[in-house]
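Structure first, then comments.
Number of protein chains: 2
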Amino acid sequence: MEILKKRIIEDGRVVGKDILKVDSFLNHQIDVRLYNEMGKEFLELFKDEKITKILTVEASGIGIACIAAQYFDVPVVFAKKTESSNLDSDTYESQVYSFTRAKTYKIRVSKRYINKGDRLLIIDDFLANGKAVLGLMDIISQAGATLAGVGIVIEKGFQEGGKILREMGVNLKSLAVVRSFEDGRAILD
Amino acid sequence: MEILKKRIIEDGRVVGKDILKVDSFLNHQIDVRLYNEMGKEFLELFKDEKITKILTVEASGIGIACIAAQYFDVPVVFAKKTESSNLDSDTYESQVYSFTRAKTYKIRVSKRYINKGDRLLIIDDFLANGKAVLGLMDIISQAGATLAGVGIVIEKGFQEGGKILREMGVNLKSLAVVRSFEDGRAILD
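Protein sequence lines correspond, in order, to chains A and B.
Counting from 44, one number per residue, gives the positions in the first sequence under our numbering.
Counting from 44, one number per residue, gives the positions in the second sequence under our numbering.
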């Protein structure tokens, strides 16, 4: 997606060896116009998949999931990361290891909101090691629902998540793929 | 806002003494059509305030902030709750006490994304004790920016947040106010 790639090159900042900071438009400050273009692109990519619901995980996936859901005209469900007294006790759960935070956390979705007949599109802002997507897929599988696709804003192509998911046969589409970093700049596919 | 009040009465579930669960449409599963109606209503309420940016806090404020931002045609900034290696070290910070979780957490916003000239609209899904909004106001004040308004989806009118903010002169508007619970049902203003 050219408009996104251009934005990553212009406004993304590379910190250290392999951290791409896109917090000026993607995951801290949000350029909602750009989100709308991304939402339309997700619809274009998955329009034949009969999506009934979009699934994401808090926090930074929620915005793009909601904006994209307008084009699909379906609800969003976001998995919760922390044990909260306000969450239903009757939940599907999965464990996710975060390399960024070097710890395992639990993600949970109330059993009320994913059903057998659902065809889910997982949307998230980043794909690196794929652990969060695999956790969401585990939850979809527990619910007996169907994974219809995975839409990612930025895939870190030098990490293993994309390879793992594609080898599993997952219908994965990324709007931009970062292949490597050279001289403090992101090199995109 | 009638459509929201109707939805709270029909689909909200009261758990225990004072927990209103609206996770079927507001903060776990999201009814994006309803979010759009709420976004338009926020524009109607704050259209004369020359809003330059919408500020919220992760996680459940992000969706409605993004949807509303489309109508204002401004960016969203969401405060982060956890210390993250991906967040800029140069941040405004504030402490927020959560009664739900019975602990204090830190919220942070990069100094890059709130500026002196900004007129901010704070948007959040719930207002109870007002601690999260007060933390966001503290950050706006540190940045030397202007608080132009606070838009809340559901205010718990029997808790003190609304009273505190209105007495401070804050331009606070709530789309629905829960006055009390009676026989397991929410009583709305």
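For every residue, glycine included, the Cβ atom is placed at its ideal position computed from N, Cα and C.
Give a yes or no on whether the minimum CB-CB distance between N214 (chain A) and chain B is below 8 Å. As a position in the first sequence, residue 214 (chain A) is number 171, starting the count at 1. Judged by the 8 Å Cβ criterion, N214 (chain A) is not in contact with chain B.
message: Are the CB atoms of A229 (chain A) and N214 (chain A) within a distance shorter than 8 Å?
response: Working through the first sequence from its first residue, we reach residue 214 (chain A) at position 171. Working through the first sequence from its first residue, we reach residue 229 (chain A) at position 186. Cβ distance not < 8 Å, so N214 (chain A) and A229 (chain A) don't count as in contact.
- Which residues of chain B have a Cβ atom closer than 7 Å to the Cβ of F224 (chain A), listed in chain order? By 1-based counting over the first sequence, the position of residue 224 (chain A) is 181. Per Cβ cutoff of 7 Å: no residues; F224 (chain A) is ~15 Å from chain B at best.
Legend entry - Every unbroken alpha helix (DSSP H) within the stretch 113-200 of chain B, with a cutoff of 4 residues, ordered by chain: 174-185
query: At a Cβ cut of 8 Å, what residues of the stretch 110-123 of chain B count as close to chain A, listed as they run along the chain?
result: I110, A112, Q113, D116, V117, P118, V119, V120, F121, K123
Check whether K216 (chain A) and G194 (chain A) have beta carbons under 8 Å apart: Indexing the first sequence from 1 puts residue 216 (chain A) at position 173. Indexing the first sequence from 1 puts residue 194 (chain A) at position 151. Yes, Cβ-Cβ distance for K216 (chain A) and G194 (chain A) is below 8 Å.
Q) Does any residue of chain A bring its CB to less than 8 Å from the CB of Y140 (chain B)? A) Within the second sequence, the letter at position 97 stands for residue 140 (chain B). Chain A, which has no Cβ nearer than 8 Å to the Cβ of Y140 (chain B), makes this no.
Thinking I182 (chain A) and A122 (chain A) are a contact (beta carbons under 8 Å), I'd like their distance in whole angstroms, please. Here residue 182 (chain A) refers to the residue found at position 139 of the first sequence. Here residue 122 (chain A) refers to the residue found at position 79 of the first sequence. About 7 Å separates the two Cβ atoms, so the contact holds.
### Message
Considering only the alpha carbon of each residue, which of A:K96, A:V176, A:I52, A:K48 lies closest to R209 (chain A)?
### Response
The sequence position of residue 209 (chain A) within the first sequence is 166, counting from 1. The residue with the shortest Cα to Cα distance from R209 (chain A) is A:V176.
| N79 (chain A) CB to nearest chain B CB: under 8 Å? | By 1-based counting over the first sequence, the position of residue 79 (chain A) is 36. Yes, contact with chain B.
Look up V100 (chain A) in the DSSP assignment and say whether it is helix, strand or coil.
Within the first sequence, residue 100 (chain A) is the residue found at index 57, counting from 1. Note: V100 (chain A) maps to strand in three-state DSSP.
Can you grab the Cα-Cα spacing for the pair L47 (chain A) / D226 (chain B), in whole Å?
Position 4 of the first sequence, counted from the start, is the residue given in the question as residue 47 (chain A). Position 183 of the second sequence, counted from the start, is the residue given in the question as residue 226 (chain B). So the two alpha carbons sit approximately 52 Å from each other.
**Prompt:** For a contact meaning CB atoms closer than 7 Å, what does V75 (chain A) contact in chain B?
**Reply:** Translated into positions along the first sequence, residue 75 (chain A) becomes position 32. Within 7 Å Cβ-Cβ: C109, A112, Q113, P118, V119.
When the Cβ atoms of the stretch 99-110 of chain A are set against those of the stretch 93-105 of chain B, are three or more pairs found closer than 8 Å?
yes
inquiry  = Looking at chain B, is there any beta carbon in it that lies within less than 8 Å of the beta carbon of E92 (chain A)?
reply    = As a working mapping, residue 92 (chain A) is identified with position 49 in the first sequence. So no, E92 (chain A) is outside the interface.
**Asked** What is the rounded straight-line gap between the Cα of M180 (chain B) and the Cα of E92 (chain A)?
**Response** The residue given as residue 180 (chain B) occupies position 137 in the second sequence. The residue given as residue 92 (chain A) occupies position 49 in the first sequence. Cα to Cα, the separation comes out at about 43 Å.
What residues from chain B crowd round Q237 (chain A), counting only those whose CB sits closer than 7 Å? Nothing in the structure corresponds to residue 237 (chain A), since chain A is present only between 44 and 232.
| field | Spatial distance of G55 (chain B) from V65 (chain B) (CA atoms) | value | Here the question's residue 55 (chain B) lines up with position 12 in the second sequence. Here the question's residue 65 (chain B) lines up with position 22 in the second sequence. Distance between the alpha carbons of G55 (chain B) and V65 (chain B): 5 Å.
Worksheet item: Beta carbon of Y156 (chain B), beta carbon of V120 (chain B): below 8 Å?
Response: Start at 1 with the first residue of the second sequence, and residue 156 (chain B) comes out as number 113. Start at 1 with the first residue of the second sequence, and residue 120 (chain B) comes out as number 77. Cβ atoms of Y156 (chain B) and V120 (chain B): closer than 8 Å.
Legend entry - Selected residue, minimal CA-CA separation from T95 (chain B), among B:F142, B:R76, B:L163: In the second sequence, residue 95 (chain B) corresponds to position 52, counting from 1. The candidate whose alpha carbon is nearest that of T95 (chain B) is B:L163.
Near G82 (chain A), which residues of its chain fall below 6 Å by C-beta distance, leaving aside the five closest residues on each side in sequence? Taking the first residue of the first sequence as position 1, residue 82 (chain A) is located at position 39. If we look at G82 (chain A) and ignore the five residues flanking it on each side, its Cβ neighbours are I110, A111, Y114.
message: Taking the beta carbon of K199 (chain A) as the centre, do at least 16 other beta carbons fall within 10 Å, making it buried, or is it exposed?
response: The sequence position of residue 199 (chain A) within the first sequence is 156, counting from 1. Under this definition K199 (chain A) is a buried residue.
Checklist entry - Along the chain, where does the beta strand (DSSP E) that runs through V75 (chain B) open and close? => result Looking up residue 75 (chain B) in the second sequence gives position 32. Per DSSP, V75 (chain B) belongs to no beta strand (DSSP E); it is in the alpha helix (DSSP H), 75-89.
Enclosing alpha helix (DSSP H) for K48 (chain A) [first to last residue]:
Within the first sequence, numbered from 1, the residue matching residue 48 (chain A) stands at position 5. Start and end: 45-54.
So L208 (chain A) is in the beta strand (DSSP E); what residue range does that whole segment cover? On the first sequence, residue 208 (chain A) is found 165 positions in, with the first residue counted as 1. Secondary structure note for L208 (chain A): it is in no beta strand (DSSP E), and the uninterrupted alpha helix (DSSP H) holding it is 204-210.
For the putative contact between L69 (chain B) and V221 (chain B), defined by C-beta atoms under 8 Å, what is the C-beta separation to the nearest angstrom?
On the second sequence, residue 69 (chain B) is found 26 positions in, with the first residue counted as 1. On the second sequence, residue 221 (chain B) is found 178 positions in, with the first residue counted as 1. Not really, about 13 Å apart at Cβ, beyond 8 Å.
- So, does the CB of I260 (chain A) fall closer than 8 Å to a CB anywhere in chain B? The requested residue 260 (chain A) does not occur in the structure, where chain A is confined to residues 44 to 232.
### Query
Measuring CA to CA, which of B:L170, B:M211, B:K124 is closest to L218 (chain B)?
The count along the second sequence starts at 1 and reaches residue 218 (chain B) at position 175. Of the candidates B:L170, B:M211, B:K124, the one whose C-alpha sits nearest the C-alpha of L218 (chain B) is B:L170.
Review point. So which of B:V196, B:N172, B:R151 has the shortest CA-CA distance to G204 (chain B)?
Key: Counted from its first residue, the second sequence places residue 204 (chain B) at position 161. Across the set B:V196, B:N172, B:R151, the C-alpha of B:N172 shows the shortest separation from the C-alpha of G204 (chain B).
(request) Could you check the C-alpha separation between T125 (chain A) and Q138 (chain A) for me, to the nearest Å? (result) Along the first sequence, one-based indexing puts residue 125 (chain A) at 82. Along the first sequence, one-based indexing puts residue 138 (chain A) at 95. Near 11 Å, if we compare the C-alpha coordinates of Q138 (chain A) and T125 (chain A).
Which chain A residues are close to A102 (chain B), counting only those with a beta carbon under 7 Å from its beta carbon? As a first step, residue 102 (chain B) must be located in the second sequence, where it is residue number 59. Within chain A, the residues near A102 (chain B) are E101, A102, I105.
Within chain C, partners of Q185 (chain A) - CB distance below 9 Å = Checking the listed chains, one finds no chain C in this structure; the protein chains it contains are A and B.
Span of the beta strand (DSSP E) around E92 (chain A): In the first sequence, residue 92 (chain A) corresponds to position 49, counting from 1. Run containing E92 (chain A): none; DSSP gives neither H nor E here.
Inset, instruction - Rounded to whole angstroms, what's the CA-CA distance from F142 (chain B) to S223 (chain B)? Just pull it up for me. - result: In the second sequence, the residue the question calls residue 142 (chain B) occupies position 99. In the second sequence, the residue the question calls residue 223 (chain B) occupies position 180. Distance between the alpha carbons of F142 (chain B) and S223 (chain B) is about 18 Å.
- Using CA coordinates, which residue listed in B:H71, B:G160, B:V152, B:D161 is at the minimum distance from P118 (chain A)? In the first sequence, the residue the question calls residue 118 (chain A) occupies position 75. With distances taken between Cα atoms, P118 (chain A) lies closest to B:H71.
Requested in this report: Go to V221 (chain B), then tell me how far its beta strand (DSSP E) extends in each direction, as first and last residue.
Outcome: Position 178 of the second sequence, counted from the first residue, corresponds to residue 221 (chain B). Run containing V221 (chain B): 215-225, per the beta strand (DSSP E) assignment.
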